[in-house]
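Worksheet for the structure shown next.
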Amino acid sequence: GAVVSQHPSRVICKSGTSVKIECRSLDFQATTMFWYRQFPKQSLMLMATSNEGSKATYEQGVEKDKFLINHASLTLSTLTVTSAHPEDSSFYICSASEGTYEQYFGPGTRLTVT
Amino acid sequence: DQQVKQNSPSLSVQEGRISILNCDYTNSMFDYFLWYKKYPAEGPTFLISISSIKDKNEDGRFTVFLNKSAKHLSLHIVPSQPGDSAVYFCAAADTNAGGTSYGKLTFGQGTILTVHP
Numbered sequence: 035g036a037v038v039s040q041h042p043s044r045v046i047c048k049s050g051t052s053v054k055i056e057c058r059s060l061d062f063q064a065t066t067m068f069w070y071r072q073f074p075k076q077s078l079m080l081m082a083t084s085n086e087g088s089k090a091t092y093e094q095g096v097e098k099d100k101f102l103i104n105h106a107s108l109t110l111s112t113l114t115v116t117s118a119h120p121e122d123s124s125f126y127i128c129s130a131s132e133g134t135y136e137q138y139f140g141p142g143t144r145l146t147v148t
Numbered sequence: 785d786q787q788v789k790q791n792s793p794s795l796s797v798q799e800g801r802i803s804i805l806n807c808d809y810t811n812s813m814f815d816y817f818l819w820y821k822k823y824p825a826e827g828p829t830f831l832i833s834i835s836s837i838k839d840k841n842e843d844g845r846f847t848v849f850l851n852k853s854a855k856h857l858s859l860h861i862v863p864s865q866p867g868d869s870a871v872y873f874c875a876a877a878d879t880n881a882g883g884t885s886y887g888k889l890t891f892g893q894g895t896i897l898t899v900h901p
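Which chain is which? The protein sequence lines are A and B, in order.
As numbered in the numbering used here, residues 35 to 148 make up the first sequence, in order.
As numbered in the numbering used here, residues 785 to 901 make up the second sequence, in order.
Quick look at the structure:
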């Protein structure tokens, strides 16, 4: 149980375009979903927290207009990187929680902006 | 400001021996701790957790020890197996934080464990 999927697993896009990443909880209802970014050899950096049906809460330093998060249902959250630039290239990971502190992570999405 | 620190970037252990992964934290409000394991290009998977009301929690080959006074926790893997080779992250939470901070985890930098056959 507690499976989280993420799509796509890899995406390459051109600078200036937008990319959408989907995160789904497959066998449970996720009251809260989290979006992280991981740079090489570094920790998971929380970008934002989203609760179903409400606006996401962004961490300090994360541009909410650039990283659009939608949590439309208890099983789906999306992260859209708008007007992507090469510095946005990274590994993006989502996680989902049923309301406890145990988060279940997706497999991640490798974004490369050329 | 790194509130959760894993000061050893890597650890190498022989198969069958004990692996000890360490984690320190600075925020005294943290009262719930978790360990995650991560393979390259995959998301982390939950291993084991411990609440601050305990000083030890065991699950099979994995045991987590918590020393609140030292703000230190460790993960013991006995016996270590080659399949345990991965990056291990410790994470901490303040379960009394409400509002938008509820459910948030703060992660350490990770320790790469290599178990040699």
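All C-beta atoms in this analysis are idealised placements derived from N, C-alpha and C, irrespective of residue type, glycine included.
Please read these numbers as outputs of a predicted model, since none were measured by experiment.
Contacts that G95/A makes with chain B (C-beta to C-beta distance below 8 Å): Contacts between G95/A and chain B, judged by CB atoms closer than 8 Å, are missing: the closest CB pair is about 12 Å apart.
What three-state label does DSSP hand E121/A in the structure shown? Correct three-state label for E121/A: helix.
Of all the beta strand (DSSP E) runs that stay within the bounds of the region 41-71 of chain A, which reach a length of 3 or more residues? The qualifying runs are 44-47, 53-59.
With the cut-off set at 8 Å, would you say S129/A and M67/A are in Cβ contact? Yes, these two residues count as a Cβ contact at 8 Å.
I want to see whether chain B comes within less than 8 Å of I103/A, judged by CB atoms only; does it? For I103/A, no CB of chain B lies under 8 Å from its own CB, so it is not counted at the interface with that chain.
For P902/B, would you say it is in contact with chain A, using Cβ-to-Cβ distances shorter than 8 Å as the test? In the structure as shown, chain B begins at 785 and stops at 901. Residue 902/B is therefore absent and cannot be evaluated.
A854/B to T810/B span [Cα, whole Å]: Going from the Cα of A854/B to the Cα of T810/B covers about 10 Å.
Three-state secondary structure assigned by DSSP to D878/B: Residue state, collapsed to three classes: coil.
Cβ pair count under 8 Å reaching 3, the region 99-114 of chain A against the region 47-63 of chain A: In this structure the region 99-114 of chain A touches the region 47-63 of chain A; the number of beta carbon pairs closer than 8 Å is three or more.
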